[in-house]
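Peer 1: Protein chains in written order, with numbering that gives the first Met the number 0: chain D, 0 to 424; chain R, 0 to 418.
Think of the CB as a built atom: it goes at the ideal place given N, C-alpha and C, for glycine as much as any other residue.
My questions all concern the structure below.
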Amino acid sequence: MKKIKIGFYNSEIYYEKIKNGLEVYILPNKTVNNVFATFTTKYGGCNFPFNINNKYMKVPNGIAHFLEHKMFEQKNGLDPFTFYNKSGTYCNAFTNYYNTSYLFTGVDNYKENLKYLLNYVQSPYFTDENVEKEKGIITQELKMYDDMPDNIIFERTIYNLFNSHPIKYPVGGTIADIVKITKEELYSCYKTFYNPNNMFLVITGNVDPEDTIKTIKENQDEKEFDDIAIELEKIDEEDKVAKKEEIIKHNVAIPYVAYAVKIPVSKFDYIDKKKRNLYLSSMFNILFDETSLFFEKMKEEDLLDTPIDIDTLDTDKHKVFLLSFKSKDYRKVIKGIDEVLEKIVIKEEELNRKRKVNISNMLYVFDDISKANKWLLNNKIMYDDIYSNIYDVLKSMNKKEMDEIIDNLNVSNKSVLIIENQDTD
Amino acid sequence: MKYEKINLGSYNLHLINTDKFKTTTISVNFREKIKKEDITKRKFLFQMLCSTSLKYNTNRLFEIKLEDLYSINLGHSNIKFGNIINSYIDINFLNEEYSDDNLLTESVDLLFELIFNPNVKDGKFDTKAFNQIKDKMNLILDSEKENIQKYTLNRSLELMDESDPVSFNLWGYKEDLDKITEESLYEYYKELLKTNIVDIFIVGNVDKDKIVSIFKDKFKINTIKKDDIEAFVSYDKCKRAKTVEEEMNLKQSKISIVLKALNLSLFERRYVLPLYTTILGGGGTSRLFENVREKNSLAYTITAVPKSPNSIIMIYGGIDKENFNQALKLIKKEIKLKHVTEEELENAKKEQISSVNILLDSPSNIINYYFGIEVFKADTIEEKIENCNKVTIKDIEMLSNKIKIAIVYLLKGKSNEEN
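In structure tokens, the structure reads:
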């Protein structure tokens with residue numbers, strides 16, 4: 000087992016890649032009672048065609064999320080909810096664009112909980128009947144999201160930004176997609192992407208690392224897995240957006256707007272990806288968050304009343320920043336954002352302040368076992384690494400590199416989504 | 000971990016000394032008996048206090064100051080429990096070993112600045128800052144329907160008796176917002192400091208003498224208040240269930256059912272009601288989940304949540320409107336909670352005890368725990384576990400006889416444009 004020290008933060012991560020390819024990250028914290036464990040496959044809603052028997056197979060959108068639901072069905076009748084309920088343990092699962100994660104958190108019965116997590120995620124049981132039943136439940140879930148403007152603004156904007164990249168489509172798919180899903184397709188996806196080679200565990204909290212690894216190895220040694228090489232179809236995504244502007248109607252009080260830019264990242268090859276992302280995020284925060292001159296000006300001109308929400312998303316070739324806000328006079332806000340992005344200026348003191356914020360925020364992360372778990376999981380998914388030198392990376396951020404980023408930045412590909420009140424025409 | 004309650008005359012300082020965390024948390028709590036007519040200005044006031052101050056007189060300067068203090072977390076909220084409204088302002092900042100030697104002093108100074116040095120001149124709040132908060136509150140009140148689950152739950156509670164505190168909306172009311180002025184808000188601020196009961200919780204590795212002397216020196220409120228609020232709401236009867244249907248442009252209809260628990264003993268309120276609710280609709284093995292979702296595929300979300308201080312349980316679900324009667328019938332049947340098994344009860348107890356066992360795991364949990372002891376004379380962790388284990392199936396059955404449906408609220412989706 001390897002020990003990875005996280006410099007400055009006084010944290011130590013235990014890492015091991017076991018025989019069948021499964022990677023394990025453990026961050027012990029003996030000052031709390033609780034344990035937080037996630038078991039993740041690097042497979043999510045981003046639905047790339049994948050190679051099966053020398054042919055690319057395209058399955059319906061939403062299948063990763065459907066699979067997540069179906070893993071809770073177990074042949075012997077003891078499902079995860081029932082199992083974890085017996086020890087007062089909370090269990091759940093979630094699907095993002097690039098991963099599906101199964102989690103439990105609880106104080107008691109840790110070793111059994113861990114073994115059960117491995118066991119249920121590694122024993123699929125799909126029947127025509129239980130697949131049909133799930134369609135009704137997921138239909139209700141998708142309708143629930145359709146009633147949430149916060150969700151629509153995000154999904155629809157991503158749809159308008161991308162042309163052929165599968166990230167274009169919502170993680171859960173549409174109702175029309177999911178009703179087509181079959182048991183056979185679920186098994187194909189499962190066999191390809193739920194191979195230990197494509198999965199990892201992150202455990203944070205009051206656990207003993209040696210004992211944990213031993214438990215995992217014993218459990219995995221009893222099981223056999225096929226050798227599977229995952230091959231996804233390469234998809235070429237253009238820089239230009241699919242749709243520059245769209246106005247839709249929904250249940251909103253005043254217009255709710257997303258301003259999104261699709262930044263090509265090829266020009267940033269010279270810099271580490273994580274560091275690049277830190278610069279870009281710091282930049283967008285400096286320009287548009289509550290400490291920005293822009294937001295202050297918008298408030299003074301009565302154009303904005305609540306802060307701009309800043310969200311981001313990555314693909315291999317692009318980084319997206321999505322600014323969402325509510326404004327009656329949104330054209331003026333859009334124009335204002337255009338102007339700021341046309342001539343980006345970041346002051347040294349602003350960058351220094353954000354650097355301090357980033358360094359500090361990592362401490363808040365390490366102080367909380369669920370946040371720490373999420374941080375490790377996301378690092379693994381985004382960078383296939385956990386950035387143990389995060390402090391040094393943050394510490395080394397400087398104005399010169401920031402300016403270089405700005406010089407190479409292309410923010411000309413944008414898409415704007417406007418949600419207007421459905422009762423006004 | 001060491002707990003100490005220090006009486007500083009007009010308020011209590013609850014010091015929880017621990018080296019568990021890399022941060023220190025200070026939470027200042029103001030509470031009083033909830034009054035519907037004051038809710039809007041109370042919300043307004045705390046928004047105001049936590050966005051500018053006399054020294055940091057624009058929101059931008061204020062936010063920059065927060066970042067300069069090593070990204071200090073500032074939080075504030077109004078919460079109601081039974082007859083009580085509690086408003087807190089809390090700060091959570093890094094320990095000095097990760098920042099600099101003055102961070103404790105500077106952070107506490109900021110906290111005092113925003114409580115005692117508000118953005119006020121000539122007896123009124125600064126007009127520009129005041130209007131910005133007013134606009135923000137107006138927008139939030141106008142946008143309530145955008146969070147449809149919250150809206151549905153609030154709407155069903157509003158249908159309760161209008162003098163019942165459970166029906167009050169914590170974001171306030173548009174008609175009250177219109178009446179608030181820079182002057183009246185400042186008057187309310189002064190009144191709040193004079194009349195509210197104040198408790199301060201500090202969680203972290205801090206030097207007792209140092210922190211006590213800082214508070215004695217700088218946190219000065221000089222009135223003595225008597226804590227005589229009857230915290231819990233009790234019901235001895237329930238009128239016939241009120242059923243209300245409303246329409247909105249939604250893909251999915253939402254259902255919310257408010258249950259009243261009559262004549263609760265203290266033991267039932269604290270231990271039986273939460274267990275009853277867990278078995279009914281607490282998670283992936285609950286009766287509602289099993290019957291409404293898994294067996295009949297009628298819903299994705301179907302849950303029950305207790306509000307023990309209010310003697311209330313709320314059931315919420317998202318369904319298709321044509322399934323409303325079927326869902327309601329299933330829910331009504333399960334509310335009776337017939338034939339509870341030993342296993343169901345044991346599992347529900349495990350879940351409750353599990354949440355008790357993490358009460359000391361985070362600063363916010365620790366504060367909630369000691370707040371409960373201070374305000375509700377709540378049991379200690381050991382007592383909570385012991386008492387929870389005492390609950391029998393008979394207790395659950397007796398409680399289920401006291402459960403009455405007060406409100407059935409259906410928010411119907413107008414369009415059913417699926418597929």
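Would you mind working out which of Thr51(R), Ser363(R) and Ile406(R) sits nearest Asp89(R), comparing C-alpha positions?
Peer 2: Comparing Cα positions, the closest option is Ser363(R).
Peer 1: Select from the region 63-89 of chain D all residues with a C-beta closer than 9 Å to any C-beta belonging to chain R, and list them in chain order.
Peer 2: Within the region 63-89 of chain D, the residues whose Cβ lies closer than 9 Å to some Cβ of chain R are Phe71, Asp78, Pro79, Phe80, Thr81, Tyr83, Asn84, Lys85, Ser86, Gly87, Thr88 and Tyr89, listed in chain order.
Peer 1: Tell me the start and end of each unbroken alpha helix (DSSP H) in the region 229-281 of chain R that is at least 4 residues and wholly inside, in chain order.
Peer 2: Entirely contained in the region 229-281 of chain R, the alpha helix (DSSP H) runs reaching 4 residues are, in chain order, 272-280.
Peer 1: Given that Asp366(D) touches chain R, what residues does it touch there, using C-beta distances under 7 Å?
Peer 2: Neighbours of Asp366(D) on chain R, chain order: Phe20, Lys21 and Thr22.
Peer 1: For Val31(D), count neighbouring C-beta atoms within 10 Å of its own C-beta (all shown protein chains included) and say buried if the count is 16 or more, exposed if not.
Peer 2: Val31(D) comes out buried.
Peer 1: Using the three-state DSSP reduction, which class does Met56(D) fall into: helix, strand or coil?
Peer 2: Looking at Met56(D) - three-state DSSP - the assignment turns out to be strand.
Peer 1: Let's test the definition: count the other Cβ atoms within 10 Å of the Cβ of Val240(D) and tell me whether it reaches 16, buried, or not, exposed.
Peer 2: When all chains shown are included, Val240(D) counts as buried.
Peer 1: Just by C-beta distance, which residues in the region 355-381 of chain D are closer than 9 Å to chain R?
Peer 2: Hits within the stretch, in order: Lys355, Val356, Asn357, Ile358, Ser359, Asn360, Leu362, Tyr363, Phe365, Asp366, Asp367 and Ile368.
Peer 1: Taking all protein chains shown into account, decide if Thr276(R) is buried (16 or more other Cβ within 10 angstroms of its Cβ) or exposed.
Peer 2: That one is buried.
Peer 1: Between the region 199-217 of chain D and the region 12-31 of chain D, do at least 3 Cβ pairs fall closer than 8 Å?
Peer 2: With the cut-off at 8 Å, the region 199-217 of chain D and the region 12-31 of chain D touch.
Peer 1: List the residues of chain R that Lys325(D) touches, going by C-beta distances under 8 Å, in chain order.
Peer 2: Those are Leu138 and Ser142, listed as they occur along chain R.
Peer 1: Closest to Ser296(R) by CA distance: which of Asn6(R), Ile311(R), Glu182(R) and Asn322(R) is it?
Peer 2: It is Asn322(R).
Peer 1: Grab the span of the alpha helix (DSSP H) containing Gly371(R) for me, first residue to last.
Peer 2: From DSSP, the alpha helix (DSSP H) with Gly371(R) extends over Pro362 to Phe375.
Peer 1: Looking at the ligand SAH, does it come within less than 7 Å of Tyr315(R), judged from the CB to the closest heavy atom?
Peer 2: Ligands are entirely absent from the displayed structure, and the ligand SAH is therefore not among its contents.
Peer 1: Tell me, please, whether the region 51-58 of chain R touches the region 104-118 of chain R by the rule of three or more beta-carbon pairs shorter than 8 Å.
Peer 2: Taking 8 Å as the limit for Cβ pairs, the verdict is that the region 104-118 of chain R does touch the region 51-58 of chain R.
Peer 1: Is it the case that the Cβ atoms of Ser255(R) and Lys320(R) are separated by a distance below 8 Å?
Peer 2: No, the pair does not count as a contact, with Cβ atoms beyond the cut-off.
Peer 1: Helix, strand or coil, according to DSSP, for Ser70(R) in the structure here?
Peer 2: It is coil, neither helix nor strand.
Peer 1: Helix, strand or coil for Met198(D)? Go by DSSP, reduced to three states.
Peer 2: Met198(D) falls in the strand class under three-state DSSP.
Peer 1: Which term fits Leu109(R), buried or exposed, when burial requires 16 or more other beta carbons within 10 angstroms of its beta carbon?
Peer 2: Classification of Leu109(R): buried, given that the 10 Å Cβ count is 16 or more.
Peer 1: How about Asn386(R) and Asp394(R): are their beta carbons less than 8 Å apart?
Peer 2: No; because the gap between Cβ atoms is not below 8 Å, this pair is not in contact.
Peer 1: Under the three-state reduction of DSSP, which class applies to Cys494(D): helix, strand or coil?
Peer 2: Coverage of chain D is limited to positions 0 through 424, which leaves residue 494(D) absent and any answer about it impossible.
Peer 1: May I ask you to list the residues that DSSP assigns as paired with Asn16(R)?
Peer 2: BP columns for Asn16(R) point to Lys1(R) and Gly203(R).
Peer 1: Given that Ile147(R) touches chain D, what residues does it touch there, using C-beta distances under 8 Å?
Peer 2: By Cβ distance, chain D contributes Asp146, Met147 and Asn250.
Peer 1: Does DSSP put Glu416(R) in a helix, a strand or coil?
Peer 2: Residue placement at Glu416(R) is flagged as unreliable, the pLDDT there being 48, under the threshold of 50; a coordinate-derived value is accordingly withheld.
Peer 1: Mark Ala228(D) as exposed unless 16 or more other C-beta atoms lie within 10 angstroms of its C-beta, in which case mark it buried.
Peer 2: Ala228(D) comes out exposed.
Peer 1: Give me the Cβ distance between Gly135(D) and Asn60(D), rounded to the nearest whole Å; I'm assuming they're in contact under 8 Å.
Peer 2: The Cβ separation is near 18 Å, so there is no contact.
Peer 1: Counting C-beta neighbours from all protein chains within 10 Å, is the total for Val344(D) 16 or more, i.e. buried, or is it exposed?
Peer 2: Looking at its Cβ environment, which holds fewer than 16 other Cβ atoms inside 10 Å, Val344(D) is exposed.
Peer 1: Starting from Ile5(D), find everything on chain R with Cβ-Cβ shorter than 9 Å and list it in chain order.
Peer 2: Correct list: empty, because the minimum Cβ distance to chain R is about 12 Å.
Peer 1: So for Cys45(D), helix, strand or coil by DSSP?
Peer 2: DSSP places Cys45(D) in coil when its eight states are reduced to three.
Peer 1: Any Cβ of chain D within less than 8 Å of the Cβ of Asp67(R)?
Peer 2: For Asp67(R), the answer is yes, since a Cβ of chain D falls inside 8 Å of its Cβ.
Peer 1: Could you pull the start and end residues of the alpha helix (DSSP H) that Glu289(D) belongs to?
Peer 2: Per DSSP, Glu289(D) belongs to no alpha helix (DSSP H) and is neither H nor E.
Peer 1: For Ile139(R), which of Leu176(R), Phe111(R) and Phe124(R) has the nearest alpha-carbon?
Peer 2: Closest option to Ile139(R), Cα to Cα, is Leu176(R).
Peer 1: Does the beta carbon of Ile90(R) sit closer than 8 Å to a beta carbon anywhere in chain D?
Peer 2: Output row for Ile90(R): interface = no.
Peer 1: So which of Asp313(D), Val251(D) and Ile234(D) has the shortest CA-CA distance to Lys273(D)?
Peer 2: With distances taken between Cα atoms, Lys273(D) lies closest to Asp313(D).
Peer 1: So which residues on chain R does Ile253(D) lean against when the C-beta distance must stay under 8 Å?
Peer 2: Neighbours of Ile253(D) on chain R, chain order: Leu138, Asp141 and Ser142.
Peer 1: For Thr104(R), count the other beta carbons within 10 Å of its own beta carbon; 16 or more makes it buried, fewer makes it exposed. Which is it?
Peer 2: Exposed, since its Cβ has fewer than 16 Cβ neighbours within 10 Å.
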